[in-house]
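Asker: Residue numbers (our numbering): 754 to 1202. Even glycine gets a Cβ: it sits at the ideal position worked out from N, Cα and C. Bear in mind the structure is a predicted one, so any value in this text is a computation, not a measurement. Here it is, the structure, as structure tokens.
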Amino acid sequence: MSLNIAKFGGTSVANIDAMTSCARIVMDNAATRVVVVSAAAGVTNYLVQLANEELTVEQINQVIASIEQIEFAILTGLDSPPQVSVKLNELLNLLRELAFHEEILHRPDLKDAMLSLGERMSSLLFAELLCQKGLQAENFDARKVIKTDSDFGQAAPDIELVAAQANKLIKPELSRTVLVTQGFVGSDEQDNTTTLGRGGSDYTAALLAEALGADSCEIWTDVIGVYTTDPRITDKARPLPELSFEEAAEMATFGAKVLHPATMVPAVRRNIPVFVGSSREPEKGGTWIVKDCKQEPHFRALTRRRDQVLVTVKTPSMLYASGFLQQVFEILARHNLSVDLVTTSEIAVSLTIDNPPNSVRARLNRATIEDLKQISDVSVEEGYDLVTVVGNNMHSAAGVSSQIFESVRNYNLRLICYGANPHNISFLVSGKDSTDVVKELHRDLFEVS
Ligand code: ADP
Ligand code: ASP
Ligand code: MG
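Below, the structure written as structure tokens:
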């Protein structure tokens, strides 16, 4: 029998009506035996606020009340079954306890324990909804299976252990029941709760699809597929019926929020097709992301990643000093920072680092900069966005780059990455220009026939 993993994002489980559409999607496909849910929309943002901001007792209570309101509205929609009410209240009590402890102790493990609660509440409620619809379904604790390192806020899964645990604890259950589990959440070797980074529920679904050898993985969200660019940037964006693994991986890495950056990695390893569609409008179809596409156009999509930090490391002694780049990258590796764009000159290296607000862990921290300062002068500039054109054979076709650069000729491109990969051309632009840059590129590359 074939196996499908279905993941429902925050807006898809935001309230009882949205959840009801998701339940229908699960019940319409007998192959869907594992369901991964996000926290209800808004809840993780509140939890991040509790974890990261200095708050008064009154403010903490207010934030918790906002979360309660969202969860209780869903519980009421389910007619507040007593057992589920008890469990939900237990989770909310745990939240209260963690929030006050964390405010004093500032421990990353407490932050992750707190952040996991959004998914733990929504999975409890969604499993109950499926049961009320007549499906045999159970809530399953993802922490038993998604084993990770202890990099709280951005934990990395141990692929072999995840596979072993999934085969031991999930697989034998699937003939008996549908399992509803939490995205985004895992646990480390000591069984501390960890999280995979913002938007990580997509990644959980793909990891479980890989571990269980699923035949497909569905990402149900608030758009009817992956578009030529974020439909919030331009209403001219249009949904793509198909995408290749490589194209989707580039899009996810370079900011197409519809997929967490790591989502495609497990899918590619096991050649599992990934579907992206709208849980509110499943009849509208969606995007199939597959190994080989029928067409490989030069230009497939545009992405934007906001909040990029440009770090320039400069030393006169870099002149002829062959070990300098190595030293810079060693420091970045030690702090677990990945770099996207790099340019070098004789005395300087500039690189971009993703430093989104609202993530659990500030990536570029003072310690990294202090270490870099030990070997060079360091300047840090903020307020940039990274715009990427995703497509195929971009470095080997005449005219591709001139078409792109002609389109953005009126903007200052601060850094350009071209030719490292046939699937993308990226450039760094001022944050205030990026919407116009994407719109103009979209018009020139996708709207003219
Ligand atoms: P979920 O909560 O379901 O995980 P997300 O908000 O994480 O949903 O992702 C869906 C959003 O991704 C869309 O509402 C859209 O604004 C944004 N997005 C960015 N780029 C794209 C793209 N190329 N195609 C579709 N959606 C995109
Ligand atoms: N709830 C988490 C977040 O908002 C994970 C996810 O939704 O994918 O980042
Ligand atoms: Mg998401």
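(1) Under 9 Å between the Cβ atoms of residue 969 and residue 755?
(2) At a cut-off of 8 Å, is residue 930 close to the ligand MG when judged by its beta-carbon and the heavy atoms of the ligand?
(3) Can you tell which of 1158, 1195, 778 and 788 has its C-alpha closest to the C-alpha of residue 955?
(4) I need the straight-line Cα distance from residue 765 to residue 1033, nearest angstrom please.
(5) Measure how close the beta-carbons of residue 1058 and residue 1184 come, nearest whole angstrom, since I'm counting them as under 8 Å.
(6) Check residue 890 in the structure and name its three-state DSSP category.
(7) Could you tell me the alpha carbon to alpha carbon distance between residue 823 and residue 885, rounded to whole angstroms?
(8) Count the other C-beta atoms from every protein chain shown that fall within 10 angstroms of the C-beta of residue 859, then say buried if there are 16 or more, exposed otherwise.
(9) Which runs of the alpha helix (DSSP H) at least 4 residues long sit entirely within the segment 886-953? Give them in chain order.
(10) Work out the CA separation of residue 944 and residue 713 for me, nearest whole Å.
(11) Pick from 825, 1133, 770 and 953: whose alpha carbon is nearest that of residue 907?
(12) Nearer than 8 Å: is that true of the beta carbon of residue 798 relative to any heavy atom of the ligand ASP?
(13) Do you know how far the Cα of residue 1067 is from the Cα of residue 1175?
(14) Answer yes or no: the CB of residue 876 versus the heavy atoms of the ligand MG, is any distance below 8 Å?
(15) For a test of the three-state rule: what should DSSP assign to residue 871, helix, strand or coil?
(16) Beta carbon of residue 924, beta carbon of residue 965: below 9 Å?
(17) Starting from residue 759, follow its DSSP beta bridges and name the residues at the other end.
(18) Which residue spans inside the segment 1056-1100 form an unbroken beta strand (DSSP E) run of at least 3?
(19) Report the three-state DSSP secondary structure of residue 1184 (helix, strand or coil).
(20) Report back the beta-carbon spacing between residue 1203 and residue 1106 to the nearest angstrom; my notes put them in contact at under 8 Å.
(21) Within the same chain, show all residues whose beta-carbon is closer than 6 Å to that of residue 1170, passing over the 5 residues directly before and after it, in chain order.
(22) Let's see if you can read the secondary structure: which residues bound the beta strand (DSSP E) around residue 1171?
(23) DSSP on residue 814, reduced to helix/strand/coil?
(24) Would residue 757 be called buried (16 or more neighbouring beta carbons within 10 Å of its own) or exposed?
(25) From the DSSP output, which residues share a beta bridge with residue 992?
(26) Answer yes or no: do residue 1056 and residue 1008 have a C-beta to C-beta separation smaller than 9 Å?
(27) Within the chosen definition, does the segment 804-822 reach the segment 838-857 through at least 3 CB pairs nearer than 8 Å?
(28) Cα-Cα, which of 825, 799 and 1015 is closest to residue 816?
(29) Please give me, in chain order, every unbroken run of the alpha helix (DSSP H) with length at least 4 that falls completely inside the segment 998-1049.
(30) Can you name, in chain order, every residue of its own chain whose Cβ lies under 6 Å from the Cβ of residue 893, other than the five neighbours on each side?
(31) Throw me the rounded Cβ distance for the residue 1051 and residue 1201 pair, which I believe falls under 8 Å.
(32) I'd like the list of long-range same chain contacts for residue 1194, defined as Cβ closer than 6 Å, with 5 residues on each side in sequence excluded.
(33) Counting beta carbon pairs with one atom in the segment 790-798 and one in the segment 832-848, are three or more of them shorter than 8 Å?
(34) Taking the C-alpha atoms as reference points, what is the distance between residue 929 and residue 1047?
(35) Which term fits residue 770, buried or exposed, when burial requires 16 or more other beta carbons within 10 angstroms of its beta carbon?
(36) Is any heavy atom of the ligand ADP found at a distance shorter than 8 Å from the C-beta of residue 980?
Answerer: The relevant details are as follows:
(1) yes
(2) Judged by the Cβ position, residue 930 fails to qualify as a neighbour of the ligand MG at the 8 Å threshold, every heavy atom of the ligand being at least this far.
(3) 788
(4) Straight-line Cα distance between these residues: approximately 7 Å.
(5) About 11 Å separates the two Cβ atoms, so there is no contact after all.
(6) Residue state, collapsed to three classes: strand.
(7) Going from the Cα of residue 823 to the Cα of residue 885 covers about 20 Å.
(8) exposed
(9) 912-918
(10) For the chain, the structure presents residues 754 to 1202; residue 713 sits outside this window and is missing.
(11) 953
(12) Checking the Cβ of residue 798 against the ligand ASP gives yes.
(13) Roughly 30 Å separates the two Cα atoms.
(14) no
(15) helix
(16) yes
(17) 788 and 971
(18) 1092-1097
(19) coil
(20) Lying outside 754 to 1202, the shown extent of the chain, residue 1203 is not represented and no answer is given.
(21) 1094 and 1179
(22) 1168-1171
(23) Note: residue 814 maps to helix in three-state DSSP.
(24) buried
(25) The partner list for residue 992 (beta bridge, DSSP) reads 980.
(26) A contact, by the Cβ cut-off of 9 Å.
(27) These segments touch.
(28) 799
(29) Complete alpha helix (DSSP H) runs here, min 4: 998-1006 and 1017-1022.
(30) 932 and 934
(31) No, residue 1051 and residue 1201 are not in contact; Cβ-Cβ is about 14 Å, not under 8 Å.
(32) Cβ neighbours of residue 1194 within its own chain (closer than 6 Å, five residues either side excluded): 1055 and 1160.
(33) no
(34) Straight-line spacing of the CA atoms in residue 929 and residue 1047 works out to 38 Å.
(35) Under this definition residue 770 is an exposed residue.
(36) yes
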